[in-house]
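2 protein chains.
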Amino acid sequence: MNKYEEISKVIADEIDRNLFAEGDKLPTEKTLAARFQVSRETIRKALKNLIELGKIYNIQGSGYYLRRNGLHMASTLNKFSSITELIQNANLTEGDIEVQIFKRKPNDEEIGMLNINKQDSMFILERIRTANGESIVYSRNILPQSIVGQDFAEYYEPGSLSKYLELKYGIYIVESLMEIQAVREEDVLPYRLKLSDPPLLKFIQVHYDDKANPIYISYDYMRNDLIRFYVRRT
Amino acid sequence: MNKYEEISKVIADEIDRNLFAEGDKLPTEKTLAARFQVSRETIRKALKNLIELGKIYNIQGSGYYLRRNGLHMASTLNKFSSITELIQNANLTEGDIEVQIFKRKPNDEEIGMLNINKQDSMFILERIRTANGESIVYSRNILPQSIVGQDFAEYYEPGSLSKYLELKYGIYIVESLMEIQAVREEDVLPYRLKLSDPPLLKFIQVHYDDKANPIYISYDYMRNDLIRFYVRRT
Numbered sequence: 007m008n009k010y011e012e013i014s015k016v017i018a019d020e021i022d023r024n025l026f027a028e029g030d031k032l033p034t035e036k037t038l039a040a041r042f043q044v045s046r047e048t049i050r051k052a053l054k055n056l057i058e059l060g061k062i063y064n065i066q067g068s069g070y071y072l073r074r075n076g077l078h079m080a081s082t083l084n085k086f087s088s089i090t091e092l093i094q095n096a097n098l099t100e101g102d103i104e105v106q107i108f109k110r111k112p113n114d115e116e117i118g119m120l121n122i123n124k125q126d127s128m129f130i131l132e133r134i135r136t137a138n139g140e141s142i143v144y145s146r147n148i149l150p151q152s153i154v155g156q157d158f159a160e161y162y163e164p165g166s167l168s169k170y171l172e173l174k175y176g177i178y179i180v181e182s183l184m185e186i187q188a189v190r191e192e193d194v195l196p197y198r199l200k201l202s203d204p205p206l207l208k209f210i211q212v213h214y215d216d217k218a219n220p221i222y223i224s225y226d227y228m229r230n231d232l233i234r235f236y237v238r239r240t
Numbered sequence: 007m008n009k010y011e012e013i014s015k016v017i018a019d020e021i022d023r024n025l026f027a028e029g030d031k032l033p034t035e036k037t038l039a040a041r042f043q044v045s046r047e048t049i050r051k052a053l054k055n056l057i058e059l060g061k062i063y064n065i066q067g068s069g070y071y072l073r074r075n076g077l078h079m080a081s082t083l084n085k086f087s088s089i090t091e092l093i094q095n096a097n098l099t100e101g102d103i104e105v106q107i108f109k110r111k112p113n114d115e116e117i118g119m120l121n122i123n124k125q126d127s128m129f130i131l132e133r134i135r136t137a138n139g140e141s142i143v144y145s146r147n148i149l150p151q152s153i154v155g156q157d158f159a160e161y162y163e164p165g166s167l168s169k170y171l172e173l174k175y176g177i178y179i180v181e182s183l184m185e186i187q188a189v190r191e192e193d194v195l196p197y198r199l200k201l202s203d204p205p206l207l208k209f210i211q212v213h214y215d216d217k218a219n220p221i222y223i224s225y226d227y228m229r230n231d232l233i234r235f236y237v238r239r240t
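Spelled out as structure tokens, the structure:
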């Protein structure tokens, strides 16, 4: 066994035994090199090995982080992407639980945001999105019946809503305008997500198709202990 | 007085008397047109008038919002801008209070993020940023002494740090990589900001100059009851 493999094994064992106290962050290359009395080159090989083993991941310019339970995800918000893509990019398996669909009249805000008729009806799709079985997002989508037809609830399929709109209706969702909010006392969350009281971020988005028409609204409460969010500002 | 001026006056009075119950949002154009028995064109003129009077502001695709106490701000995060600009764009007056500057050795994270030497020292600039005297952001900037020199604390001036770096050192901050976080229990906040227990968002940024060198780190706890944040995702 090479030196770097030995080191990688020691660290992997420590990760499995929850020995890293410092949040979810690994010590720096320099600190590890000093501890194991080897060059930083060797440490880098060991860390690369740990990444390949799925034990850690690297954030450019920030350091190495434990992939505890393999459940860490990251998203750069400038690029439009779905929750399905977020989960799949982390090599995790997505699921939908506690799915509810109901219909009601639009409120003034929705009429304004989606530029629809007061007489239209809205489908509300509520669900918890999971990654490898763990609840990571509570999501509420609001779609006009004039777009998805009155039998939406019967034909709805789990997974990406934007993908579904593409396949079934030929609607291509290509961008969104997102508002990011801190979660308030008055936000109502499903018991399952409140259970562990995780830090949450609230995303409110209007989704637009390739003709710049507003198509639907989404409210997503994202678990910030498992998903990290970045914005590149230029 | 024109019809639209009359309507604008009625609404302005109602705003001053806090008659709008529905959060901070104004009824839609359609609702207002029905209420005042005029065309939407006339309502739009009245709303434009209210914007010019500083009573309301418009968020594209979302609606009209009250500028209660004149203290509402909005920022689209894709574009790099300073807190000074955020405040000035809302025609408010900025201020700095509870300013503290101290010096310490860099930690491993800072060494990694700013690509600096372990022997360097870091200036920590902590302050509360105010808009028209109201505390809106608790801000912590971390700058290497190798960039600002050892007399930074003596020459520091209130206001925009990036502007200061530009004027005094010829360093042009043009972009940043920002992480957005929910505030955690363990985040330590100044008493003055915790007082009213406002919803907060935590922004962590590495700021880069026009040669793509990382220059400084900022931690900003932003009051989300007064400032709304948007991201355009494409």
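First to last, the sequence lines map onto chains A and B. Read in order, the letters of the first sequence correspond to residues 7 to 240 in my numbering. Read in order, the letters of the second sequence correspond to residues 7 to 240 in my numbering. Even glycine gets a Cβ: it sits at the ideal position worked out from N, Cα and C. These numbers were taken from a predicted model, which means no experiment stands behind them.
Judged by DSSP in its simplified three-state form, A40 of chain A adopts helix. Taking one beta carbon from each stretch, the stretch 113 to 130 of chain A and the stretch 219 to 231 of chain A have 3 or more pairs nearer than 8 Å; the two touch.
Within chain B, E185 have C-beta atoms less than 7 Å from the C-beta of R234 of chain A, given in sequence order. Taking the Cβ atoms as the reference, R110 of chain B lies roughly 32 Å from L83 of chain A, outside the contact range of under 8 Å.
Along the stretch 40 to 93 of chain B, the alpha helix (DSSP H) occurs as fully enclosed runs of 4 or more residues at 46 to 58, listed in sequence order.
Per DSSP, S127 of chain A is not a residue of any alpha helix (DSSP H), being assigned neither H nor E.
Within the stretch 65 to 85 of chain B, those residues whose Cβ lies closer than 7 Å to any Cβ of chain A are, in chain order, G67, S68, G69, L83, N84, K85. Spanning the alpha carbons of T48 of chain B and L183 of chain B requires a straight line of approximately 44 Å. Not a single CB atom of chain A sits nearer than 7 Å to the CB of L167 of chain B.
When DSSP reads this structure, V237 of chain A sits in a beta bridge with B:M184. Rounded to whole angstroms, the separation of the alpha carbons of L206 of chain B and T34 of chain B is 28 Å. For a Cβ distance threshold of 7 Å, residue set Q187, A188 of chain B lies close to N230 of chain A, ordered along the chain. In this model, S68 of chain B and E115 of chain A are separated by some 7 Å (Cα to Cα). Take L149 of chain B, set aside five residues on each side of it, and the residues of its chain with a beta-carbon closer than 6 Å to its own are F129, Y222, in chain order.
At a Cβ-Cβ threshold of 7 Å, Y70 of chain B and L25 of chain B do not count as neighbours. Counting along the chain, the unbroken beta strand (DSSP E) around F209 of chain A starts and ends at 206 to 215. Contact check for P196 of chain B and I134 of chain B: beta-carbon distance about 6 Å, within the 8 Å limit, so the pair qualifies. Of the residues A:A137, A:F108, A:R50, A:Q156, the one whose Cα lies closest to the Cα of H78 of chain A is A:A137.
Per the C-alpha coordinates, the member of B:L38, B:I89, B:D193, B:A18 positioned closest to K169 of chain B is B:I89.
Under the Cβ distance rule, R238 of chain A counts among the residues neighbouring chain B, one pair being separated by less than 7 Å.
In terms of Cβ geometry, D126 of chain B and Y178 of chain B do not form a close pair [threshold 7 Å]. Taking a C-beta distance under 7 Å as the contact criterion, V143 of chain B and V237 of chain A do not qualify as a contact pair.
With 16 or more other Cβ atoms from the protein chains shown falling within 10 Å of its own Cβ, A39 of chain B counts as buried.
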